[in-house]
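S.K.:
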Amino acid sequence: SARRLLLLLGLAGLLAAMAAGTWQLGQCPMKHLKEPQPEQGSPQEQELEVTPACDNEEEEEPVVRGAPSTVSFRISTANSLLEARLEAHPGWLLVCHGHWEPSLGTLLCQQLGYLSMTQQKAVSLRDVQVSAGQQFLQVRARQEGSLEDMWQVRSSCQSGRIVALQCSECGLQAGAVRVVGGTDVSPGRWPWQVSVCQGSQHRCGGSVLAPEWILTAAHCVHSPQPGAGSPQCRCRGCRQLPAPAWLVFAGMVTHGSLRPEAGVPVRAIIAHPLYNDSSLDYDMALIRLQAPLNFSRAIRAVCLPPAPRDLLQGTPCWVSGWGHTAPGQAQVAGTLKEALVPLIGTRRCNSSCVYKGELTARMLCAGHLRGHVDACQGDSGGPLVCWDGDTWRLVGVVSWGQGCAEPNHPGVYTNVAQLLPWIHQVTQMH
Ligand code: 4AZ
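Here it is in structure tokens:
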């Protein structure tokens, strides 16, 4: 019986050790516990000294990394004049029209986060008020290389004319205010938010980039391989039926009030060619509408991120959508919802207790490691926008996450800044 007792004790010890192990795995933040040292105090004191792996203050790289540049540009809101500033040269300079190429207008609008250029012209210096000592930048005669090193500082413009530039409008709200109570929103607050529907079924969110262009997630519109069986085909023989047509609804807040005739049919869906259905890398698609949207207080375009700007962890950004307001719900929300989700550093989000290296360079995280607030099913494809002091910019596209609002599993978004060249290429080509 003494041997049986020993065996039982051994078994109990083994079970206790296994339970402790499981507990440690479940408590991910404590995964990097230091080995207890004999001279340390009680277990509670030891715990206080531990740096939890998910909550460390380790220095983070910018979540969205801008391309460093020695020259910056802006367009004066008062008179559309193009202004440029060189590193190591004080003040904003006007740009001479000499040697100007029309393609530069498009390039600059794109750099500044606009989808396209709408107008560029030469303005006579006699028609503008120029302060004494105003200096100018001029494009070098033989342009080669990047936008960076093609400029010369001048004290005057030989042609007597300077560049004025207008880019496509974006990023402005109609000045609408939030409705009382929770997170319902009023029309005009997120005027770029659209619902991407298949027939009358809401599938995903999307963002207006231009009257004919919607940006969404590739996984929303990616058709499964023939035979794979899509979720809407549950009846016998229904594979032979054509899938209901895609419709885009803009300028709407309440899904219940949706009239099918208000939906705009889709001309083309262009998913990113590198989209990967299993890793969700490059989860982005462009939708070209059959007819342009009528812009109004309730329907407007969002701006894209400008090429040269970093965005840091903690930047307050907003996600919006009609997705589920509790995980596992059967229905999408009736009223558009919004949530404040700060950017989370990629190193932290890819750490061993969050997404364990699953994030690629085309992804970023936003939300709260404590859980509670997050995007969810039905929000996919929708916008993650951040205010930059002047305009709202589309920084992310709702893509995936483990569950919704779970601790240590924030929302993962397609990193728009990383895919700008593709967005510009497609929208210019079609
Ligand atoms: C989805 O299934 C989905 N919590 C979207 C976002 C998130 C999770 C799932 C993020 O479309």
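Count along the sequence shown from 1, then add 6; that gives the number in our numbering. By construction, the Cβ of each residue, glycine as well, lies at the ideal position given by its N, Cα and C atoms. If you're wondering where the values come from, they're calculated on a predicted model, not measured in any experiment.
Spell out the partners DSSP gives ASP190 in its beta bridges.
M.R.: LYS343
S.K.: With distances taken from CA atoms, which of VAL214, CYS102, GLY119 is nearest VAL136?
M.R.: CYS102
S.K.: Among the candidates LEU342, TRP406, ILE81, VAL145, whose CA atom is the shortest distance from the CA of GLY387?
M.R.: TRP406
S.K.: Nearest to ARG376 by CA position, among LEU370, TRP393, CYS410, is which residue?
M.R.: Closest by C-alpha distance to ARG376, out of LEU370, TRP393, CYS410, is CYS410.
S.K.: Can you tell me whether DSSP reads GLN434 as helix, strand or coil?
M.R.: helix
S.K.: From this set, GLU154, VAL202, LEU370, LYS362, which residue's C-alpha is nearest ALA251's C-alpha?
M.R.: The residue with the shortest Cα to Cα distance from ALA251 is VAL202.
S.K.: Cβ-heavy atom distance between GLN140 and the ligand 4AZ below 6 angstroms?
M.R.: no
S.K.: Can you name, in chain order, every residue of its own chain whose Cβ lies under 7 angstroms from the Cβ of CYS355, other than the five neighbours on each side?
M.R.: TYR361, LEU365, CYS371, PRO416
S.K.: When the Cα of ALA291 is compared with those of TRP328, LEU121, MET369, ILE220, which residue comes out closest?
M.R.: ILE220
S.K.: Within 10 Å of its beta-carbon, does ARG148 have 16 or more other beta-carbons around it, so buried, or fewer, so exposed?
M.R.: exposed
S.K.: What's the gap between the Cα of ARG71 and the Cα of MET369?
M.R.: 12 angstroms
S.K.: Rounded to whole angstroms, what is the Cα-Cα separation between LEU178 and ASN421?
M.R.: 21 angstroms
S.K.: Okay, do the stretch 254-274 and the stretch 389-399 touch, 3+ Cβ pairs below 8 angstroms being the bar?
M.R.: Taking 8 angstroms as the limit for Cβ pairs, the verdict is that the stretch 389-399 does not touch the stretch 254-274.
S.K.: Would you list the one or two residues that DSSP bridges to ASN421?
M.R.: Partner(s): GLY402.
S.K.: Would you kindly work out how many angstroms separate the C-alpha atoms of HIS430 and GLY327, rounded to a whole number?
M.R.: 25 angstroms
S.K.: Please check the pair HIS105 and ARG146, which I expect to be a contact at CB under 8 angstroms, by giving their CB distance rounded to whole angstroms.
M.R.: 7 angstroms
S.K.: Just checking GLY327 against the ligand SAM - is the residue's beta carbon closer than 6 angstroms to any of the ligand's heavy atoms?
M.R.: Annotation note on the ligand SAM: not contained in the displayed structure, which lists the ligand 4AZ as its ligands.
S.K.: What are the boundary residues of the beta strand (DSSP E) that ALA277 is part of?
M.R.: 270-277
S.K.: Name the residue from VAL404, SER302, GLY340, PRO298 whose alpha carbon lies nearest to the alpha carbon of LEU349.
M.R.: VAL404
S.K.: If I follow the unbroken alpha helix (DSSP H) through GLY111, where does it start and stop?
M.R.: 108-117
S.K.: Distance, Cα to Cα, SER213 vs ILE275?
M.R.: 14 angstroms
S.K.: Considering only heavy atoms of the ligand 4AZ, does any lie closer than 6 angstroms to the CB of CYS355?
M.R.: no
S.K.: GLU412 to TYR419, Cα distance in whole Å?
M.R.: 16 angstroms
S.K.: In its own chain, which residues sit with a C-beta less than 7 angstroms from the C-beta of GLU53, not counting the 5 before and 5 after it?
M.R.: Reliability of the predicted coordinates at GLU53 is poor, the pLDDT of 36 falling under 50, and no value is obtained from them.
S.K.: Have a look at LEU171, ARG315, ASP385 and flag the residue whose alpha-carbon is nearest the alpha-carbon of VAL129.
M.R.: LEU171
S.K.: Short of 6 angstroms in beta carbon distance, which residues of its chain neighbour LEU118, apart from the five on each side in sequence? Order them along the chain.
M.R.: Contacts found: PRO312.
S.K.: How far does the alpha helix (DSSP H) with ALA291 in it reach, from first residue to last?
M.R.: Premise fails: ALA291 lies in the beta strand (DSSP E), 291-295, not in any alpha helix (DSSP H).
S.K.: Just to confirm, are ARG294 and GLU218 a CB contact at a threshold of 7 angstroms?
M.R.: yes
S.K.: From the DSSP secondary-structure annotation, give me the bridge partner or partners of PHE79.
M.R.: ALA90
S.K.: Using a Cβ-Cβ cut-off of 6 angstroms (strictly less than) and excluding sequence neighbours within five positions of ASP190, which residues of its own chain qualify?
M.R.: THR341
S.K.: Cα separation between VAL200 and ASP133?
M.R.: 42 angstroms
S.K.: Return the chain-ordered list of same chain residues with a C-beta closer than 8 angstroms to the C-beta of GLU154, the five sequence neighbours on each side being excluded.
M.R.: SER75, THR76, VAL77
S.K.: Ignore the nearest five residues each way along the sequence and tell me which others in TRP157's own chain have a CB closer than 8 angstroms to its CB.
M.R.: VAL77, ALA90, LEU92, LEU143, GLN144, VAL145, ARG146
S.K.: Beta-carbon within less than 7 angstroms of TRP198's beta-carbon, same chain only, minus the 5 sequence neighbours each way: which residues are those?
M.R.: SER213, VAL214, ARG306, ALA307, VAL308, PRO389
S.K.: Return the CA-CA distance between ALA73 and PRO314, expressed in angstroms with no decimal places.
M.R.: Rounded to whole angstroms, ALA73 to PRO314 spans 5 angstroms at the Cα level.
S.K.: To the nearest angstrom, how far is the alpha carbon of ASP396 from that of ALA304?
M.R.: 19 angstroms
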